[in-house]
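Counting from 1293, one number per residue, gives the positions in the sequence shown under this note's numbering.
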Amino acid sequence: MKLATALDPNYEGELEYGKKSGKGIYTWSDGRRYEGQWKDDVRHGNGIETLANGERYEGDWKDDKKNGKGVYIWSDGRRFEGEWKDDKQNEKGIYAWPDGRQYEGALKDDLKDGNGIETLPDGERYEGTWKNDKKDGKGVQTTAKGDRYDGDWKDDKKNGKGVYTWSSGDRYEGDWKDDKRNGKGAFTGAKGTKYEGDWKDDKMTGKGIYIWPDGDRYEGDFKDDNSHGKGIFTSTDGSRYEGDWKDDKKHGQGVKTFSNGNRFEGEWKDGTRNPTGRLIYPNGAWSQGHINDDMLEGTYGAMQGGRTTWTYTYQ
């Protein structure tokens, strides 16, 4: 071995058979500098490279490329410590950002790929699988306020099957698409409400069953979190309504059966019964006309064997 001569003024260090081999320092015209081991004129072994903008790599080299273990520090404060292959982050390592964000896990060609953990400055945390720098596969995410999602991911979003538990105690289990509840799913509220059925863009939309804490129950159509379309409402007081709904209110044609067995058939608007309709009694008798709570203006009749036997008109 011998020191380099003026034949290569950018290099100062050891030579072997006229080639850079051993320890040496090379300075490029653009300000880049390498100090470390060489073999056959290429960086090979352990060394430190610094760039003109202040970026710095310290670690292993092979065939003039970062290969093995090393630490890279960017001029903006980012830092990576881990495995390298052909100048790219590969296998596993720890990537830290100046704002406090950190990733620890598997990498492929400078991208998060495989199993890894990402922690954000506000305390949010994801542990699971990654693909092409995005959450993809199975994973668990916990938010700063204590919410938790455990399930499937695709393209950095909740996609597939998963369970979301809110810090309040609310819980959803079912289908997801693009970070929103979409498809079939069951929601249980911390205060005892329950819904099982269809979802669209985070809202109850489609067919479903909603149960209140006191036992009241609605089964039917939903739109944007409201009863909307056809549905049946059953109350714990023994009454039942079956018919049309709009914006969470009885609206349109419907039948309400009271706890005493009386049944009203008629029209509803914005949750209020139109007095004009037909009231059928358990014994088969019926009233039709303007029906108030305490009196009838209209026709009263009785049925036997499916046939009206007599009628009487009240004024």
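For glycine and all other residues, C-beta sits at the position ideal for the given N, C-alpha and C.
Taking the alpha-carbon positions, what's the residue i to residue j distance?
| i | j | result |
| --- | --- | --- |
| A1478 | Y1487 | 6 angstroms |
| G1397 | D1355 | 26 angstroms |
| D1506 | E1410 | 42 angstroms |
| G1569 | K1542 | 15 angstroms |
| D1462 | K1483 | 8 angstroms |
| T1435 | G1415 | 7 angstroms |
| E1341 | E1304 | 15 angstroms |
| K1311 | K1449 | 52 angstroms |
| W1578 | M1496 | 38 angstroms |
| G1544 | E1559 | 5 angstroms |
| Y1309 | P1301 | 17 angstroms |
| S1551 | D1529 | 7 angstroms |
| G1563 | R1555 | 17 angstroms |
| W1330 | K1377 | 18 angstroms |
| L1571 | D1536 | 18 angstroms |
| E1327 | A1344 | 14 angstroms |
| T1526 | D1442 | 34 angstroms |
| D1586 | G1498 | Residue placement at D1586 cannot be trusted, given a pLDDT of 42 that sits under 50; what the coordinates show is reported in the next sentence. Cα-Cα distance, rounded: 39 angstroms. |
| G1466 | T1485 | 17 angstroms |
| I1634 | D1540 | No answer is possible for residue 1634: the residues shown for the chain start at 1293 and end at 1607. |
| E1383 | L1399 | 5 angstroms |
| N1338 | L1412 | 33 angstroms |
| Y1359 | H1336 | It is Asn, not Tyr, that sits at residue 1359 in the sequence shown. For N1359 and H1336, the distance between alpha carbons rounds to 9 angstroms. |
| N1424 | K1404 | 6 angstroms |
| Q1381 | K1437 | 33 angstroms |
| Y1395 | F1372 | 9 angstroms |
| K1538 | P1574 | 29 angstroms |
| Y1318 | E1306 | 11 angstroms |
| G1362 | W1468 | 40 angstroms |
| P1567 | G1576 | 20 angstroms |
| K1472 | S1460 | 19 angstroms |
| E1350 | R1324 | 14 angstroms |
My assumption, with CB atoms under 8 angstroms, is that residue i sits in contact with residue j. Please give the rounded CB distance.
| i | j | result |
| --- | --- | --- |
| D1490 | G1481 | Wrong, their Cβ atoms sit about 18 angstroms apart, outside the cutoff. |
| D1513 | G1521 | 3 angstroms |
| G1385 | G1374 | 2 angstroms |
| D1493 | N1474 | 7 angstroms |
| K1548 | R1532 | 7 angstroms |
| D1379 | K1357 | 5 angstroms |
CB residue i to CB residue j, shorter than 8 angstroms?
| i | j | result |
| --- | --- | --- |
| G1406 | W1389 | no |
| Y1456 | D1470 | no |
| K1453 | D1447 | no |
| E1347 | S1321 | no |
| K1427 | G1420 | yes |
| G1546 | E1534 | yes |
| Y1418 | G1429 | no |
Going by DSSP in three states, residue i sits in which element: helix, strand or coil?
| i | result |
| --- | --- |
| P1567 | strand |
| A1344 | coil |
| L1525 | For the sequence presented, residue 1525 should be read as Phe rather than Leu. It is a strand residue. |
| L1307 | strand |
| E1559 | strand |
| E1419 | strand |
| N1302 | coil |
| F1514 | strand |
| N1575 | coil |
| K1483 | coil |
| W1504 | coil |
| F1550 | coil |
| T1434 | strand |
| W1458 | coil |
| S1531 | coil |
| S1321 | coil |
| K1312 | strand |
| W1366 | coil |
| W1376 | strand |
| G1392 | coil |
| L1412 | coil |
| N1424 | coil |
| D1333 | coil |
| D1540 | coil |
| Y1604 | Note on Y1604: pLDDT 44, under 50, position unreliable in the model; the coordinate value appears next. Three-state result, Y1604: strand. |
| D1356 | coil |
| D1467 | strand |
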